[in-house]
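Each residue of the sequence shown is one higher than the last, beginning at 0 in numbering that gives the first Met the number 0. Here a beta-carbon is modelled for each residue, glycine too, at the ideal position from N, C-alpha and C. This report refers to the structure that appears directly beneath it.
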Amino acid sequence: MHPKFLILQLSIIIVSYNVRSYLHTCLLALQAATDPSRTEIIVIDNASADGTVDLLEPLFPGIRFVRNTHNTGFAVANNQGLALAGGEYVLLLNPDTLVTRESLSHPMRLLASSEKTAAVGVRMINGYGLFLPESKRSLPDFWGACCKLTGLAALFPRSAFFNRYALGHLDALSEYPVAVLAGAYMMLRRDALQQVGGLDEGFFMYGEDIDLCRRLQDAGYDIWYTGKTPILHFKGKSSRKGSMVQVKLFYAAMARYVRKYHHFPWLTLPLVYLREALALCWHLIPLHPKSEPVLEEQNSCYLGHPDSLASWLHFAGIRQCATISGLLTDTEIVENVKKQRPKHLIINLETFPIERVLPLMQVFPGMNTCFFVPSRQLFTGNGRFPQKHL
């Protein structure tokens, strides 16, 4: 065995597609959270048109970049990364995420504590500090599909009967075995992943995480969710969230899953197709335009070192902006945010690391949080500027 494999603990596989700025920020967070002697990072780029590899590969010489000549899909690209991985554990990670050191080390401890545990997922929050229910799920079934289609799951979000697919009755901050984790963050035992043959490449995008978790459990393994350590997941940045293409891909994946596992697919498939038709119709209605919020001077606040404010103003193309010093204590920052109550908080990640950001976001759920890295002139988040579009 290669000596590298004797010491390598974690292989992180990221599949990217036209999300250069998000991947850039993700890799910066990973560099701060990992030990390069025990961790390898593999980026599989699915033929991005935004110059992802050309621009980022020189900036991250310790990271392995693989260029695909076309978009192979999520499952195929992850299997490419798995074939290159040498770590005892493998993390499948989306590029529109920000992780901390603890969000990597704690799941590894859970995997190490029992050979029966094959996969661990974490509590994911979005750019508004809100919990993402796909962090923990049960296997999809006919009743769950009915509850989602009729709105009963949304009407009774904490019901074990009506919202059992999202496990709404279980505390998001606790730790317990579940049936399904999200592919946006799934840490796995590499030998277990190889034992079940990796991801099913029949899924182009969506559904492969449900399928993988099911096959791992069929092989006798346990799946665990931990709410003790969160990560940030902007969600949908690499999948054109809300587009017609995304809707069709999602329901094609659901239909494939039903055909593969349900004993009576004719019973559930009509619900899948009905849900798809409703989603496509909703997408065509112009009453709810999907556009990013405008980060205007009067509704935004910049959190960072005072010396970096000028860099932000120049980058954003604005003249002034409310400011909170990143040199303050966390308690003082919370009090300042309470006083100003901005709609959008722009955080300098060089002054205020992600470990401090995540608790702050959860104090103010619903507030849009974006990120700026002055030395890289890098912006990520849900927002655009009045006079410029990123």
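Boundaries of the beta strand (DSSP E) in which residue i is found, first to last residue
i    : result
S15  : 9-15
I346 : 343-347
F64  : 63-66
E174 : 174-176
T322 : 321-324
K227 : 221-232
I124 : 116-124
N162 : Premise fails: N162 is in no beta strand (DSSP E) and is neither H nor E.
Cβ-Cβ distance between residue i and residue j below 7 Å
i    : j    : result
L9   : G86  : yes
Y224 : V179 : no
L221 : T116 : For the sequence presented, residue 221 should be read as Asp rather than Leu. Yes, the Cβ-Cβ distance between D221 and T116 is below 7 Å.
Y184 : V121 : yes
Y21  : D95  : yes
G197 : L91  : no
P341 : S299 : yes
T267 : F141 : yes
R214 : V195 : yes
H23  : L377 : yes
L29  : I41  : no
Spatial distance of residue i from residue j (CA atoms)
i    : j    : result
W311 : R188 : 42 Å
W281 : L273 : 12 Å
R66  : L83  : 14 Å
R318 : G303 : 17 Å
E114 : L26  : 30 Å
T368 : T33  : 24 Å
L270 : A165 : 18 Å
L129 : V98  : 16 Å
K3   : R37  : Bear in mind that the predicted position of K3 carries a pLDDT of just 44, short of 50, making it unreliable; the figure below should be weighed with that in mind. For K3 and R37, the distance between alpha carbons rounds to 9 Å.
G219 : A191 : 10 Å
H232 : P364 : 14 Å
L308 : F371 : 11 Å
V207 : P60  : Correcting the residue type first, residue 207 is Glu in the shown sequence and not Val. Approximately 31 Å between the Cα atoms of the pair.
Same chain, Cβ closer than 8 Å to residue i, five either side skipped, listed in chain order
i    : result
I209 : R136, L138, P139, V179, Y256
R355 : D329
I124 : F130, L131, P229, I230, L231, H232, L357, M360, Q361
Neighbourhood of residue i by C-beta, 7 Å cutoff - its chain only, sequence neighbours within 5 removed
i    : result
P156 : N162, G167
Y16  : N45, S47, N70, S237
P106 : V119, V121, M186, T225
L81  : I12, V89, L192, G197
L248 : F203, M204, Y205
Limits of the alpha helix (DSSP H) - the one that residue i falls within
i    : result
M360 : 353-362
N335 : 329-339
E39  : Looking at the DSSP string, E39 is not in any alpha helix (DSSP H); the run it does join, the beta strand (DSSP E), is 38-44.
R189 : 189-194
Residue-chain proximity (residue i, chain D), Cβ-Cβ < 7 Å
i    : result
Q245 : The structure shown contains no chain D; it is built from a single protein chain.
6 Å Cβ shell around residue i - same chain, five flanking residues per side excluded
i    : result
T350 : G303, H304, G325
H261 : T267
E275 : Y250
Just checking, does the segment 336-346 make contact with the segment 368-382 on the three C-beta pairs under 8 Å criterion? yes
Check whether the segment 189-203 touches the segment 72-82, counting contact only when three or more Cβ pairs, one atom from each stretch, lie closer than 8 Å. Segments in contact, yes.
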